[in-house]
Structure formats: structure tokens, C-alpha cells
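A.B. asks:
Residue numbers (my numbering): 8 to 315.
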């Protein structure tokens, strides 16, 4: 049987194996034990280059994980997370991300790869293909699409639902939200803030089509002063959220913001939900006094496939 060559192809192959094995022995399907899977699968399929090291090391600040060849020249590989990461979900996603690099990229990068926290949030193939591929692989391995859709079917999306999914799949809250945003028909955005500024943001495709997105990595942007993230409200208020009047977040529309505060990571995670129906170009032009140019076409003309 030929081996897959794409992130989704590899994730589907491993998912099929996991489902068959765990079904035969009556084991829980989720969460995926990435460490055991990586070692067992690589020994069987790549006996000359197996993964024999899985675990945490004291890596530099800002480095989430690594794919590294064993220094003894044996041909073995290691998938490593930064031992300073406290979240079990972040550790698990990092290991899956590095397993993706092992399957897809180790031959092109024999010296290994080092991945930052920015890389873990990079799902835009136009900007960083190999990191986007590793994230796609990890997402589909840990959160298979059929099960993910079953879990959210008929449910109103909020932070509590996303937290439930993060716990089910043993991933970070950010990973669960990003997974949902890649498949949703809702107009939504995730904004991660650090020290009062937007570290990065990602818009769902329907929201991008409305012309609403941040390019936070190219410019320094403060968190909106009236946002929950900037006001540092209590945890319950942040999780339940607040419906803002137009003008607080991008777009001349009301926005429902839900925010989680993570003191240990010195960051905020905000899920923004926009109205299902976007204002028409004529409505926007009437409000802003601007020509009715198609903002989605203008965005795509910049050569970017998603929100930075």
C-alpha cells in the first residue's frame, strides 16, 4: 500500500488505524495518545528512522516544540515539546504537530525543525506552507472532521462548547476554536492578545468575505479599549461574553465577544461572533461614506489566503 503524501491523507490513514485497533479492544477513541502512536507506527512503517524519543525538554523561550534527529547518528528521531508548557492540551497538539513534520518534512529537513508558538497558530499555507501542513495534520488527527461535526451539530457555539471540545480531544482551547473556524459558515474571529496588544488573529472565510480581518503580525495594534480583553474583566464575565455595539471591534456591526484570560501564558483568547448576515456593500458604503468596492476582492488581490 502506498504511503500518503498530504497532511489530511496522513491523518486519515492514522485515524483509520486507530479506529480499527481501539474498536477491536473496546478502548476509548479520544483523546489520541500521540506519544504511543508516533513510536508504534514509526517502528512498523519506518524501521530505519523510527521515533524513539517523545517528551519534554528545556527549550528556549518562545519555542513550542522540535522535530530532531538523535545526536548519536542512529537514524532515530525525536518529537519534543517545551517542558515549560503547562497545558496538557498544548503539549498534545505540539507532539501531533511535530509528528506531522516527521511524516511530511523530515527528508527535506534532515537536521530537524524548531517550531515557535507563532508557528503553532500558522494555518496559512500561502505564508508558511510546512507549518500550515503540520497544523492541518495535527488538527485532523486529533479532531477528525466527522466526530467534530457530530459534537457541534445543532449547538450554539460559545467558549463552554469550545472548552468541552478541547477537553474531549486533549488539545488547547485555541486549537479547538481554529478547527471550528476552518469549517464553519459563521462569521467569526479569534483574537489572541498579549500585553495589551493583538499578537495574532484569524477570521473565518465568511468573515474575510465581509472584508473583516486583522493583519496583526505586520503592524502593532492595541486591543480595543472597550473590549473585554483590554478591560480584564472577571473570568465568568469573560466566558459568558458581552454584546458590543458597532465600533468596538473591526466592522461597523455589533459583535458578541467571549474572552478567556490565561495568566500563566500572559495572554487573552477572544472569540468574536458577528451577525450571520453581513451588511451589503451598499449598506456599508452608506454608513462609511466610501465607494462600494468589493472588499473581499481587494483582500484576495493582496495574495493572502487568510487572516494574519
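Backbone N, C-alpha and C fix where the C-beta goes; we use that ideal spot for every residue, glycine too. Just so you know, these numbers come straight off a predicted model, no measurement behind them.
On the premise that residue 185 lies in contact with residue 197, defined as a C-beta separation below 8 Å, what is that separation, rounded to the nearest angstrom?
C.D. replies: 7 Å
A.B. asks: Do the stretch 197–213 and the stretch 268–277 make contact, defined as three or more Cβ pairs closer than 8 Å?
C.D. replies: Flag = yes, the stretch 197–213 and the stretch 268–277 touch.
A.B. asks: Can you give me the Cβ contacts of residue 65 inside the same chain, cut-off strictly under 8 Å, excluding the 5 residues immediately before and after it?
C.D. replies: Around residue 65: 89, 90 and 91.
A.B. asks: From which residue to which residue does the beta strand (DSSP E) around residue 200 run?
C.D. replies: 195–201
A.B. asks: Should residue 14 and residue 96 be called a contact, given that it needs their Cβ atoms to be closer than 8 Å?
C.D. replies: no
A.B. asks: Per DSSP, what are the beta-bridge partners of residue 121 in this structure?
C.D. replies: 73
A.B. asks: Please name the residue in 249, 279 and 238 whose C-alpha comes closest to that of residue 258.
C.D. replies: 279
A.B. asks: Report the rounded CA-to-CA distance for residue 155 versus residue 82, giving the unit in angstroms.
C.D. replies: 36 Å
A.B. asks: Are the beta-carbon atoms belonging to residue 102 and residue 41 less than 8 Å from one another?
C.D. replies: Contact annotation: residue 102 and residue 41 have beta-carbon atoms nearer than 8 Å.
A.B. asks: Could you give the first and the last residue of the continuous alpha helix (DSSP H) run that contains residue 154?
C.D. replies: 152–159
A.B. asks: Classify residue 62 as helix, strand or coil using the three-state DSSP reduction.
C.D. replies: strand
A.B. asks: Does the separation of the CB atoms of residue 267 and residue 152 fall below 8 Å?
C.D. replies: no
A.B. asks: Considering only the beta carbon of each residue, do residue 140 and residue 111 sit closer than 8 Å?
C.D. replies: yes
A.B. asks: In this structure, how does DSSP classify residue 92 when only helix, strand and coil are distinguished?
C.D. replies: Here DSSP, grouped into helix, strand and coil, assigns residue 92 to coil.
A.B. asks: Note down, one range per segment and in chain order, each beta strand (DSSP E) of at least 3 residues found wholly within the stretch 173–256.
C.D. replies: 195–201, 204–210 and 249–251
A.B. asks: Keeping to the same chain, check which residues put their C-beta closer than 8 Å to that of residue 48; ignore five residues upstream and five downstream.
C.D. replies: 21 and 24
A.B. asks: Please classify residue 262: is it buried, with 16 or more other beta-carbons within 10 angstroms of its beta-carbon, or exposed?
C.D. replies: Residue 262 counts as buried, since no fewer than 16 other beta carbons sit within 10 angstroms of its beta carbon.
A.B. asks: Would you mind reading off the limits of the alpha helix (DSSP H) that contains residue 19?
C.D. replies: Under the DSSP assignment, residue 19 falls in the alpha helix (DSSP H) whose first and last residues are 14–32.
A.B. asks: Near residue 18, what residues of its chain come up, given a Cβ to Cβ distance below 7 Å and the 5 sequence neighbours on each side ignored?
C.D. replies: 144, 147 and 148
A.B. asks: How about residue 86 and residue 52: do their beta carbons lie closer than 8 Å?
C.D. replies: no
A.B. asks: Considering only the alpha carbon of each residue, which of 34, 100 and 114 lies closest to residue 55?
C.D. replies: 114
A.B. asks: Check whether the Cβ atoms of residue 236 and residue 230 lie closer than 8 Å to each other.
C.D. replies: yes
A.B. asks: How would you write the range of the alpha helix (DSSP H) that residue 52 sits in, first residue to last?
C.D. replies: From DSSP, the alpha helix (DSSP H) with residue 52 extends over 41–52.
A.B. asks: Going along the chain, which residues of its own chain have a beta-carbon closer than 7 Å to the beta-carbon of residue 255, five neighbours each way excluded?
C.D. replies: 231, 233, 234 and 262
A.B. asks: Take residue 79 as the anchor and find which of 286, 207, 59 and 183 has the nearest alpha-carbon.
C.D. replies: 59
A.B. asks: Counting only the same chain and skipping the five closest in sequence on each side, list residues whose C-beta sits under 6 Å from that of residue 285.
C.D. replies: 217
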